[in-house]
Amino acid sequence: MTNIFRLLMVSAVALVIVASISIFAFGNSDWAYSESGCFEVAQDIILCFALIVFVLASLMRGNRQEKLITVFFAILTYTFILRELDFEKMGLPDWLVFLFHGKGRNISIAIAFIIVGILALRDYKNYIAKSIEFMLSKRGALMIIAGVLLLAGGLFDKMDKLPNNEFFEEVFELSGYFVYTSVAIMTYKKCKK
41 MTNIFRLLMV SAVALVIVAS ISIFAFGNSD WAYSESGCFE VAQDIILCFA LIVFVLASLM
101 RGNRQEKLIT VFFAILTYTF ILRELDFEKM GLPDWLVFLF HGKGRNISIA IAFIIVGILA
161 LRDYKNYIAK SIEFMLSKRG ALMIIAGVLL LAGGLFDKMD KLPNNEFFEE VFELSGYFVY
221 TSVAIMTYKK CKK
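See the structure below:
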């Protein structure tokens, strides 16, 4: 699993280097950060990998103490995937577009998080303690870093007057998703013990 992650990371670094040269030296950017461009596809791949890892971690027997936290992050990853993919442009049947886009997406995500919240309330003292323990751990620190990188990407998205703002947005988002995925791998390894 770690080897796959390394391969994905090396591929992403190569993508950033090639995109940087193409964009800044030659002014060619359409292939890199257009909708369904290379950066978007790379983000989708790394997020799908993170989702698989979080789901596998949640199924581990050694994950009793963190199971709900791991499920929460699997749902959060699913949310990121739905945010990154443009299901309405894929030619899918209307019911799938409804499920994965717009109101249907929001309803399905809300239901999933409400279920996790209700389950957490059953043993709230334990989950509050586990959540604090998580946030104070190396994984929690990395999750905060991932969040900061994603927020930075969002800020660049709003800076329309900055030349190539989309490039910086996509690089920060990709970096954030890689840090996020490293937390998924660390969680998997912890649950495997």
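The working numbering puts the first residue of the sequence shown at 41, with every later residue one more than the last.
Built from N, CA and C at the ideal position, the CB exists for glycine as well.
Taking C-alpha atoms, which residue in the options lies nearest to residue i?
{"i": "Leu182", "options": "Val111, Glu210, Ile225 and Met49", "result": "Ile225"}
{"i": "Ile115", "options": "Phe138, Arg145 and Lys178", "result": "Arg145"}
{"i": "Gly187", "options": "Val223, Thr110 and Phe79", "result": "Val223"}
{"i": "Val111", "options": "Asn43, Phe208 and Tyr167", "result": "Tyr167"}
{"i": "Lys233", "options": "Asp200, Arg101, Ser148 and Leu125", "result": "Arg101"}
{"i": "Ile185", "options": "Ser215, Asn204 and Val137", "result": "Ser215"}
Can you tell me which of the three DSSP states residue i falls into?
{"i": "Asp126", "result": "coil"}
{"i": "Met100", "result": "coil"}
{"i": "Asn204", "result": "coil"}
{"i": "Glu213", "result": "helix"}
{"i": "Lys230", "result": "helix"}
Only counting the same chain, and skipping five residues up and downstream in sequence, which positions put a Cβ closer than 7 Å to that of residue i?
{"i": "Val56", "result": "Val211"}
{"i": "Cys88", "result": "Ile121"}
Does any heavy atom of the ligand HEM sit closer than 8 Å to the C-beta of residue i?
{"i": "Val81", "result": "In the structure shown, the ligand HEM is absent, as is every other ligand, since no ligand is present at all."}
Skipping 5 residues on each side, what residues in its chain have a beta carbon closer than 6 Å to that of residue i?
{"i": "Tyr141", "result": "Looking at the sequence shown, residue 141 is not Tyr but His. Excluding residues within five positions, the ones whose Cβ falls inside 6 Å are Phe127 and Glu128."}
Ordered list of beta strand (DSSP E) runs contained in the stretch 118 to 202, each at least 3 residues: Fully enclosed beta strand (DSSP E) runs of 3 or longer: not present.
Inside the stretch 64 to 97 only - alpha helix (DSSP H) runs reaching at least 4 residues: The stretch 64 to 97 is shown to contain whole alpha helix (DSSP H) runs of 4 or more residues at 70 to 73, in chain order.
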